[in-house]
Amino acid sequence: METINYQNFRIDAENICVDYNGKVALYDANLRLKPGQICGLVGMNGAGKTTFFNALTGFVNISKGKIRINGESVRSAQKDQTIAYVPQNEGIDSQFPISVWDVVMMGRYGSMNIFRCPRESDVQAVKDAIERVDLTDHLSTPIGNLSGGQRKRTFLARAIAQRASILLLDEPFSGVDIRTEKLISELFIQFKNEGKTILLSTHDMIHVREFCDLVLLINKTVVAYGETSEVFTPENITTTFGGISPDFLFGPES
Amino acid sequence: MELCSFLTLDKFITDPLTHDFMRKALLMSSLVAAVCGLLSSYLTLKGWALMGDAVSHSVMPGVVVAYALGLPFSLGAFIFGVGSVALIGFIKQKSRVKEDTVIGLVFTGFFALGIVLVSKIKSNIDLHSILFGSPLGISLSDVKQTIFISLLVVILLSIFRKDLMLYCFDPRHAKTVGINVFFLHYLLLTCLSLAAVVGLQSVGIILVVAMLITPGATAYLLTDKFDNMTVISVLSAIISSLIGIYVSFWFDLETGGSIVLAQTFIFLFAFLFAPRYGIFKLKKLFAGHK
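Heads up: the sequence lines are chains Y and P, in that order. Quick note: the first sequence uses the numbering used here, first residue 1, plus one each step. Quick note: the second sequence uses the numbering used here, first residue 1001, plus one each step.
Right, dumping it as C-alpha cells:
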C-alpha cells in the first residue's frame, strides 16, 4: 500500500468537530478530495452541511481535528485565495444596493491592496468571469433586480473571478431556472477539466448521480463516504435521512 | 416665498448667521451630521439599528464620569460605548438569553447608571444638554474634540470603505478570501461609538440613534448603488441639521428634536415618493403621463 502524500489532497479534513456554545453541530467528520473531483454533500437540514462549509472556509473554528488545504492550514488557504464559497440564494441580502459588477469584483478583493483598487488584471478577470456565466448584459444591474438564477450565476462568477482551486457551493441548483441549471452543469464539467475541486451540497438526488464522482452523506457526522456508485445506496440514504425510505425521496419510479 | 408677512426667505437664512453661536452651531452640526450620515449607510445595511441605540445610550455614564474627573468627555463615552458592546457579546455567549433582550437590558442598565451618577455627582453637569443636546451652546474645547473625532471617523471609513461594505454584505466571503472580519467588526463598532459621541452634542443621547439610522434608511429607499447611498445619506443628514437649527431658531423650538424631526420628515417623503421604492412610485406616475 502506498504511503499517503498529503500534498496530493486539495481538501483533507480529519476528524473535525464543530460546536456552537457547547452544542455539537458536527463531529468526527472526515473528507479527502483530490484535484478534479466533484463531491456531493448530502444530508437533512441541520445535519451540518453548512457547518462543514464554514469549517473549511475558516468561518467557524473547529474544536477538534485537523483541516489541511493543499497540505497547508485554512489560514494560508484564505491568504492564497484557494477556496471560493458560493452561498445559497437565501444566505445573502438580495436588497443590498450593489451591482453584478461590484459583487464579482469582491472575488478579487483578497488579492488587491488595502484600498481594494482594481488593477487592469482584476478588471479583466471580472469581465471574463461575468462572460462565462452569461451576464454581460447585466453588468450594472443591482442584484435585487436579478432573477434567482441570475443571482446564483453572479456569485458563481465571483468564485470564478477569485480563481480559486476549490469551490464550495451551497445548494447551487435550488431556486434556479432551467437555463441556469444547464449553464452551471456545463461549468462544472469545465471546472473539473481545469482540475478544480468542487464540494456541493444538494437536496436533489438526481444531481448527485449526474455530477458527483464522490458523495459524502452526513448526519452530524459522516454516515457514508465514497464513490457515488458504491455509496449512494438506498440503505445509506435512509440512514442519512433518519429512517425515511428512499422511495419517498426518489419517488415511486426509482 | 414669505413665511410670515415680515419674514422673507432671505432674512430667514441670513439673520441667524449674524450670531456667532448660530454660525458655530450650523457648522458643527453639519459636520456631525455628515459623520453620522456616512456611518448610517453601513449601520442600516448591517441591521445594527438596535446596536446603535444601545451604544449611544451606554455612553451616558462615561460622559458623566469624564466630566467629574475633568477628562475629555469623548474618552469616557468611547470606553463605555465599546464596553457595552463587549458586555452584550459576553452575556449573549454565556447565557441562553436572546440577543435583542441582552442588548435591551445592557443599554438600559448603563443608561440608568448614568442618570444615578448625575444625581450623585453634584457638579456643573447639565443633564438636559446631555440628554437632549446643545448645539447652540457648544464650547471651544468641544469644537476641537468634535472636529478631531469626525476627521478620524471619516478617514477610517474612507480607508476601509470597500472592506466594510463587503463585511456588511457577505462576511463569510470576506473571511474566505482572508480579510480580517474580526477587525472590521470592531472597526465598525469603534466608529459607531465615536459617531455617537459627536452626535450626542447635536441632538443628545436619547435621539442620537436617529442620526445613525434615519439618513441611511432614507438613502436606502432612493438608490440601488452603495456609493450613491452614502452620498444621499450624508446630504440628507446635513440638510436636516440645517433645517432643524433654523426652524428651532425662528420658532424657539428644542434644537435636537427639530433636527431629528427634519430627518423623519425627509424619510417620510422618500417613503411616500421615492422613484422605485416609494408608496406612490413617482417614476411610474411620470411614465404614465408620457
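For every residue, glycine included, the Cβ atom is placed at its ideal position computed from N, Cα and C.
Within chain P, the C-beta atoms nearer than 8 Å to that of Y/Asp93 come from Leu1045, Phe1169, in chain order. Assignment of P/Arg1276 by DSSP, reduced to helix, strand and coil, places it in the coil class.
Under the DSSP assignment, P/Asp1010 falls in the alpha helix (DSSP H) whose first and last residues are 1009-1017.
For the segment 171-198 of chain Y, no residue has a beta-carbon sitting nearer than 8 Å to a beta-carbon of chain P. Under a criterion of Cβ atoms nearer than 7 Å, the residues of chain P adjacent to Y/Gly110 are, in order, Val1177, Gly1178, Ile1179. Around the beta-carbon of P/Ala1086, fewer than 16 other beta-carbon atoms lie within 10 Å, marking it exposed. C-alpha of Y/Glu235 to C-alpha of P/Asp1227: approximately 54 Å in a straight line. Along the segment 1079-1106 of chain P, going in chain order, the ones with a CB nearer than 7 Å to a CB of chain Y are Gln1093.
DSSP lists no bridge partner for P/Tyr1067.
Residues of the same chain with a CB within less than 7 Å of the CB of Y/Gly175, apart from the 5 flanking positions on each side, are Asn89, Gly148 in chain order. At a cut-off of 8 Å, the C-beta of P/Ile1213 has no neighbouring C-beta in chain Y.
Check the Cα spacing between Y/Lys220 and each of Y/Lys49, Y/Gly22, Y/Glu14, Y/Lys182: the tightest is with Y/Lys49. Within chain P, the residues whose beta carbon sits less than 9 Å from that of Y/Pro87 are Asp1170, Arg1172, His1173, listed in sequence order. Per DSSP, P/Thr1214 is one residue of the alpha helix (DSSP H) stretching across 1181-1222.
Less than 8 Å divides the Cβ of P/Val1208 from the Cβ of P/Gly1199. Contact annotation for P/Ile1159 against chain Y: Ile114, Phe115 [CB-CB distance below 8 Å, chain order].
Beyond the five residues adjoining it in sequence on each side, P/Asp1053 comes within less than 6 Å, by CB distance, of Val1209 in the same chain, given in chain order. The segment 152-164 of chain Y and the segment 99-113 of chain Y touch, with three or more beta-carbon pairs separated by less than 8 Å. Considering only P/Gly1137, P/Val1154, P/Cys1168, P/Arg1172, the residue with the shortest C-alpha distance to Y/Phe53 is P/Arg1172. At a cut-off of 8 Å between beta carbons, Y/Thr57 contacts chain P. Inter-residue distance for P/Ile1159 and P/Met1211 is about 22 Å (C-alpha atoms, whole angstroms).
If the five residues before and after Y/Lys34 are omitted, its C-beta is found closer than 8 Å to the C-beta atoms of Asn8, Phe9, Arg10, Thr197, all from its own chain and listed in chain order. Within the segment 106-145 of chain Y, the complete alpha helix (DSSP H) segments of 4 residues or longer fall at 120-132, listed in chain order.
If you draw a straight line from the Cα of Y/Val126 to the Cα of P/Val1197, it comes to about 41 Å. With a threshold of 16 other beta carbon atoms within 10 Å, P/Asp1100 falls short and is exposed.
In the displayed model, P/Gly1083 falls within a helix according to three-state DSSP. Taking the C-beta atoms as reference points, Y/Gly43 is found nearer than 8 Å to Y/Ile218. For Y/Thr197, the enclosing beta strand (DSSP E) begins and ends at 197-201.
For P/Cys1036, the three-state secondary structure derived from DSSP is helix.
The beta carbon of P/Ser1233 sits closer than 6 Å to those of Gly1037, Ser1040, Ser1041, Pro1215, Gly1216, Ala1219, all from its chain and outside the five residues before and after it, given in chain order. Among the residues facing chain Y, P/Phe1267 is not included, as its CB has no counterpart in that chain under 8 Å away. In the assembly as shown, Y/Glu171 is a buried residue. Its beta-carbon has 16 or more other beta-carbons within 10 Å. Distances from the alpha-carbon of Y/Glu181 to those of Y/Asp128, Y/Gly71, Y/Gln150, Y/Asn30 put Y/Gln150 closest. When Cβ-Cβ separations below 8 Å define contact, Y/Ser99 makes contact with chain P. Judged by their CB atoms, P/Ala1195 and P/Val1153 are nearer to each other than the 8 Å cut-off. Considering only beta carbons, no part of the segment 1050-1077 of chain P lies closer than 7 Å to chain Y.
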